[in-house]
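Protein chains in written order, with the working numbering: chain A, 104 to 343; chain B, 104 to 343; chain C, 104 to 343; chain D, 104 to 343.
Number of protein chains: 4
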Amino acid sequence: MNEIMSLESLKCHLDKTWEELFHHSRFLRFVKEGKTTKFLYAMYLLETYHYTYHNARNQALVGTRKEELDFQYQKFCFQHAAEETGHEQMALNDLKNLGLYNEGVEIPPPLPQTTVLIAYLYWISQHGNPVQRLGYSYWAESCYEYIMPLMDQVTRSLGLTRAQTTFLVAHAEIDKEHSRQVQHMINRVCKTTRDWQDVTEVMETSLKLTGNMMDSIYDQYLEFENHSSDRYSFLRSLVA
Amino acid sequence: MNEIMSLESLKCHLDKTWEELFHHSRFLRFVKEGKTTKFLYAMYLLETYHYTYHNARNQALVGTRKEELDFQYQKFCFQHAAEETGHEQMALNDLKNLGLYNEGVEIPPPLPQTTVLIAYLYWISQHGNPVQRLGYSYWAESCYEYIMPLMDQVTRSLGLTRAQTTFLVAHAEIDKEHSRQVQHMINRVCKTTRDWQDVTEVMETSLKLTGNMMDSIYDQYLEFENHSSDRYSFLRSLVA
Amino acid sequence: MNEIMSLESLKCHLDKTWEELFHHSRFLRFVKEGKTTKFLYAMYLLETYHYTYHNARNQALVGTRKEELDFQYQKFCFQHAAEETGHEQMALNDLKNLGLYNEGVEIPPPLPQTTVLIAYLYWISQHGNPVQRLGYSYWAESCYEYIMPLMDQVTRSLGLTRAQTTFLVAHAEIDKEHSRQVQHMINRVCKTTRDWQDVTEVMETSLKLTGNMMDSIYDQYLEFENHSSDRYSFLRSLVA
Amino acid sequence: MNEIMSLESLKCHLDKTWEELFHHSRFLRFVKEGKTTKFLYAMYLLETYHYTYHNARNQALVGTRKEELDFQYQKFCFQHAAEETGHEQMALNDLKNLGLYNEGVEIPPPLPQTTVLIAYLYWISQHGNPVQRLGYSYWAESCYEYIMPLMDQVTRSLGLTRAQTTFLVAHAEIDKEHSRQVQHMINRVCKTTRDWQDVTEVMETSLKLTGNMMDSIYDQYLEFENHSSDRYSFLRSLVA
Chain A
104 MNEIMSLESL
114 KCHLDKTWEE
124 LFHHSRFLRF
134 VKEGKTTKFL
144 YAMYLLETYH
154 YTYHNARNQA
164 LVGTRKEELD
174 FQYQKFCFQH
184 AAEETGHEQM
194 ALNDLKNLGL
204 YNEGVEIPPP
214 LPQTTVLIAY
224 LYWISQHGNP
234 VQRLGYSYWA
244 ESCYEYIMPL
254 MDQVTRSLGL
264 TRAQTTFLVA
274 HAEIDKEHSR
284 QVQHMINRVC
294 KTTRDWQDVT
304 EVMETSLKLT
314 GNMMDSIYDQ
324 YLEFENHSSD
334 RYSFLRSLVA
Chain B
104 MNEIMSLESL
114 KCHLDKTWEE
124 LFHHSRFLRF
134 VKEGKTTKFL
144 YAMYLLETYH
154 YTYHNARNQA
164 LVGTRKEELD
174 FQYQKFCFQH
184 AAEETGHEQM
194 ALNDLKNLGL
204 YNEGVEIPPP
214 LPQTTVLIAY
224 LYWISQHGNP
234 VQRLGYSYWA
244 ESCYEYIMPL
254 MDQVTRSLGL
264 TRAQTTFLVA
274 HAEIDKEHSR
284 QVQHMINRVC
294 KTTRDWQDVT
304 EVMETSLKLT
314 GNMMDSIYDQ
324 YLEFENHSSD
334 RYSFLRSLVA
Chain C
104 MNEIMSLESL
114 KCHLDKTWEE
124 LFHHSRFLRF
134 VKEGKTTKFL
144 YAMYLLETYH
154 YTYHNARNQA
164 LVGTRKEELD
174 FQYQKFCFQH
184 AAEETGHEQM
194 ALNDLKNLGL
204 YNEGVEIPPP
214 LPQTTVLIAY
224 LYWISQHGNP
234 VQRLGYSYWA
244 ESCYEYIMPL
254 MDQVTRSLGL
264 TRAQTTFLVA
274 HAEIDKEHSR
284 QVQHMINRVC
294 KTTRDWQDVT
304 EVMETSLKLT
314 GNMMDSIYDQ
324 YLEFENHSSD
334 RYSFLRSLVA
Chain D
104 MNEIMSLESL
114 KCHLDKTWEE
124 LFHHSRFLRF
134 VKEGKTTKFL
144 YAMYLLETYH
154 YTYHNARNQA
164 LVGTRKEELD
174 FQYQKFCFQH
184 AAEETGHEQM
194 ALNDLKNLGL
204 YNEGVEIPPP
214 LPQTTVLIAY
224 LYWISQHGNP
234 VQRLGYSYWA
244 ESCYEYIMPL
254 MDQVTRSLGL
264 TRAQTTFLVA
274 HAEIDKEHSR
284 QVQHMINRVC
294 KTTRDWQDVT
304 EVMETSLKLT
314 GNMMDSIYDQ
324 YLEFENHSSD
334 RYSFLRSLVA
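Next comes the structure, spelled out in structure tokens:
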């Protein structure tokens with residue numbers, strides 16, 4: 104990748120990464136074509152629940168590293184973690200609103216690709232350049248700009264209200280402010296070429312791993328529709 | 104220990120533990136007798152710097168545990184960590200105000216007893232009952248009630264102003280509010296006898312380890328005064 | 104995936120996963136076509152160095168988990184880690200024998216896909232089902248059966264002797280015995296359907312992530328050949 | 104402490120630390136006076152079980168540190184961990200042989216002073232100078248020289264056979280060889296004054312913490328004899 108040493112070029116690189124993702128992703132193409140069903144959306148919410156469960160945790164871990172950290176950055180890590188705490192519950196609530204979850208229903212474990220995303224976020228939070236997790240926050244907090252049109256389409260085609268899509272709507276709103284803070288922090292803590300490279304690498308890699316997770320959901324959905332896997336058959340029984 | 108199942112009996116047990124500490128501590132006795140010197144205070148600030156460096160970190164680690172946590176408690180852990188971030192710097196600033204620290208001066212590593220305290224706080228934050236670190240916060244946030252008279256004496260005898268004792272003064276003020284939050288949280292998350300026992304054990308043990316640290320500072324101070332150790336001789340050279 | 108509850112069906116599933124990998128991998132196809140160059144091999148050894156650096160470490164971490172473990176399994180984890188210690192050095196030695204490394208040359212950081220593999224291996228070693236890392240060992244210790252023909256081709260086409268390919272040759276030999284131990288251990292510790300599923304999932308996922316790493320090396324190699332990236336230009340300068 | 108830069112002076116310092124311990128320890132004095140009972144020994148075995156549970160684990164963690172380690176030292180950490188695996192079971196077996204443990208009996212949690220020892224060993228294994236845990240191994244592997252006379256007295260006064268004291272006897276034998284390895288390793292990896300200081304500090308501190316643990320067992324024993332605590336009353340009921 105070319106030298107990225109400013110928020111502008113980082114944004115440029117993000118645009119490009121999203122573009123490729125939109126081009127290659129089986130999941131995003133399917134959604135774009137308006138074919139989303141309640142079940143696909145439910146399967147997306149389940150994986151969202153799984154990785155979101157860990158987001159506040161791995162965010163906070165950055166601030167617990169033993170080396171000396173910029174105090175503002177360390178504080179940001181903890182405050183940001185505090186704000187993200189419990190957000191996984193929104194995903195479950197939205198599932199519940201769809202009639203596809205009840206307290207006590209046992210949720211299938213994360214898909215392998217979701218586990219890979221989770222593992223990567225912990226690793227880059229705990230090891231390597233402490234500033235690099237900002238690369239994940241950078242795209243995650245601004246993703247609504249890219250996927251909101253898609254999400255509008257999903258909620259319309261499923262006939263969902265804002266109150267039924269708390270995870271997406273709440274995040275879109277909360278995250279505008281977060282997004283500004285993340286950008287401010289990147290500018291503050293990235294001092295060397297290596298810092299910018301590490302942030303860029305984590306941005307690109309974590310977005311691609313999220314893409315892999317989405318495609319894996321799509322593949323599972325096809326198996327579900329073909330009745331060739333019973334991993335998600337509990338969803339059918341809840342509806343029945 | 105008898106069954107402690109309320110904040111009242113916890114407070115009672117804390118009173119008793121402080122009483123024993125005041126009775127047995129060589130450090131506290133020495134301070135009480137008004138014999139504190141700039142150097143003893145400096146040595147206390149150095150160890151304070153060392154363990155405080157880790158407090159926000161180990162506090163946040165409680166919230167990063169993989170098991171499901173009460174969301175309010177998890178959020179409290181991160182917020183509390185955010186508020187404690189960088190407080191170690193206050194200890195260094197106070198040292199600087201005493202003329203006993205300059206940027207670039209290499210600080211001796213923590214005393215073994217300080218390392219033991221740090222190790223214990225990490226362990227109980229990361230392992231065992233997730234609520235138990237509240238036992239440390241419980242006494243740490245309310246310690247000013249117990250040691251303020253002593254500290255007033257120190258600052259008076261050293262002729263220090265409030266502005267020169269930011270660590271103690273700032274903490275005394277911030278921590279009134281924290282103290283209320285900690286008590287609220289203990290009441291919220293302690294549901295079983297075991298929870299109360301674990302909080303009580305950590306309260307008592309971490310306070311005693313802090314006492315050991317203080318006595319260890321006192322012992323070092325005697326060696327310093329007798330010129331039988333050169334661990335802190337840099338303090339003399341800064342004054343000279 | 105169908106229910107895998109025996110070494111036979113695990114082997115079957117591994118055959119299938121390798122088959123798919125051989126079918127889809129740009130790297131493996133290129134190698135198969137006899138097009139390997141010294142530079143491609145060097146780039147492969149560099150990434151091998153990076154993930155092998157962590158293998159003994161994450162293997163041992165399984166045995167350090169706080170929960171009670173089967174003692175034989177725990178001991179196996181430590182012994183296996185002891186045997187893998189320092190193997191990353193073999194990759195560097197082989198590089199040196201190719202004239203593509205000297206003590207003191209700064210090695211580029213791992214490729215993102217290598218970091219993803221490393222992150223995943225740490226995660227599954229430290230979290231989730233403690234037996235699941237055996238799924239990685241299972242394919243890694245037996246991979247020579249699958250890739251040896253390919254490797255023979257590589258060494259022939261590069262004119263390398265056995266002494267120049269210590270990483271591969273040594274592993275092929277050591278790992279026959281390891282492979283038996285790993286199979287014995289899987290049979291010993293997998294007691295439930297979930298155990299077998301977790302081992303199978305880690306086997307498949309870690310092999311696929313290794314495939315991603317290899318394709319990423321291939322992509323980097325094309326950029327290197329096109330002079331469109333200078334990440335590996337130090338290799339050229341060593342040869343010049 | 105004076106400069107310790109050789110095994111000889113380390114041994115000298117260890118002699119002195121043991122001497123002080125023998126002088127101050129309420130537990131050791133009581134044992135020396137031949138007053139040991141089955142119950143005191145049982146309480147000692149219970150705490151031994153608790154900290155030994157973690158010894159192989161924290162030993163192995165040294166070898167999993169992310170920084171580059173001397174390969175021989177790293178291998179030693181894993182091999183040593185393999186050899187210590189499951190030794191906590193010996194303590195339970197010895198308890199069983201005394202008629203003071205049955206499978207299924209719930210063991211009380213570690214005493215606070217035992218937790219402090221455990222916490223310290225994890226901390227110094229995972230943080231700070233990677234060579235420093237050798238300071239713990241150094242005294243632990245050679246402790247039989249110091250405490251064997253005492254232990255002989257205990258086993259005689261309780262009428263125990265070698266087969267009933269597997270933990271102590273087995274360790275005394277295994278550890279002669281370990282002791283040689285530990286000394287070799289200290290000589291190999293300690294290169295600077297700081298290395299020797301760190302090993303010495305961990306040696307002294309971990310031995311003192313073990314002393315604190317023993318005195319804490321003694322205090323508990325008095326409470327048990329006075330019926331002022333029911334923490335160990337299950338021992339009485341097993342005998343009754």
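Yeah, the Cβ is synthetic: ideal placement off N, Cα and C, and Gly gets one too.
- For the pair Ser309(A) and Lys311(C), the Cα-to-Cα distance works out to about 17 Å.
- Taking the C-beta atoms as reference points, Ala273(C) is found no nearer than 8 Å to Gln182(D).
- For Cys180(B), the enclosing alpha helix (DSSP H) begins and ends at Phe174 to Glu187.
- Closer than 7 Å at the C-beta level to chain C, one finds these residues of the stretch 160-186 of chain D: Arg160, Ala163, Leu164, Gly166, Thr167, Phe174, Gln177, Lys178, Phe181, Gln182, Ala184 and Ala185.
- Within the same chain, Cβ atoms closer than 6 Å to the Cβ of Pro211(B) are found at Arg334, the five residues on either side in sequence being excluded.
- Between Ala222(B) and Leu148(B), the CB-CB gap reaches or exceeds 8 Å.
- Contact annotation: Gln229(A) and Leu172(A) have beta-carbon atoms that are not nearer than 8 Å.
- Shown here, Ala145(B) sits in a helix according to DSSP, grouped into three states.
- Straight through space, the alpha carbons of Phe179(D) and Phe130(C) are spaced by roughly 37 Å.
- DSSP places Leu220(D) inside the alpha helix (DSSP H), whose first and last residues are Pro215 to Gln229.
- Distance from Asp301(B) to Asn232(B) at the Cβ level is roughly 4 Å; contact confirmed, criterion being Cβ atoms closer than 8 Å.
- Looking at the backbone, the Cα of Leu113(B) and that of Ile250(D) are separated by about 40 Å.
- CA-CA distance, Gly137(D) to Ser340(B), rounds to 53 Å.
- Per DSSP, reduced to three states, the secondary structure at Gln162(D) is helical.
- DSSP places Lys135(D) in the uninterrupted alpha helix (DSSP H) bounded by Arg129 to Lys135.
- In this structure, DSSP gives Ala243(D) a helical state, which the three-state scheme calls helix.
- The alpha-carbon of His127(A) is positioned some 11 Å away from that of Phe133(A).
- Around the Cβ of Leu237(B), a 10 Å sphere holds 16 or more other Cβ atoms; the residue is buried.
- Membership of Met317(C) in the alpha helix (DSSP H) is indicated by the continuous run Thr296 to Glu328.
- Look at Ile210(B) here: in three-state DSSP terms it is coil, with no helix or strand label.
- The beta carbon of Tyr152(C) sits closer than 8 Å to those of Glu191, Ala194, Leu195, Leu198 and Ile210, all from its chain and outside the five residues before and after it, given in chain order.
- Taken through DSSP and simplified to helix, strand or coil, Gly262(B) comes out as coil.
- With fewer than 16 neighbouring CB atoms inside 10 Å of its own CB, His330(D) falls in the exposed class.
- DSSP places Leu203(C) in the coil class of the three-state scheme, outside both helix and strand.
- Take Val208(B), set aside five residues on each side of it, and the residues of its chain with a beta-carbon closer than 8 Å to its own are Phe337 and Leu341, in chain order.
- If you ignore the 5 residues before and after Ile289(B), its C-beta comes within less than 7 Å of the C-beta of Leu110, Leu237, Tyr241 and Val302, all in its own chain and listed in chain order.
- For Glu106(A), the closest C-alpha among the options Asp298(A), Glu328(A) and Gln162(A) is that of Asp298(A).
- Interface residue (Cβ-Cβ distance to chain C less than 8 Å): Thr308(A) is classified as such.
- Ile210(A) has a beta carbon lying at 8 Å or more from every beta carbon in chain C.
- Non-local beta-carbon contacts of Leu143(A) in its own chain, meaning distances under 6 Å to residues more than five positions away in sequence, involve Tyr324 in chain order.
- For the pair Arg265(D) and Thr188(D), the Cα-to-Cα distance works out to about 21 Å.
- Using beta-carbon distances, Thr188(B) counts as an interface residue toward chain A, with a partner under 8 Å.
- The beta carbons of Glu150(A) and Leu214(A) sit closer together than 8 Å.
- For Trp226(D), the chain B residues whose C-beta falls within less than 8 Å of its own C-beta are Thr218, Ile221, Ala222, Tyr225 and Trp226, listed in chain order.
- Residues of chain A with a Cβ closer than 7 Å to the Cβ of Pro233(C) do not exist, since the nearest Cβ in that chain sits about 15 Å away.
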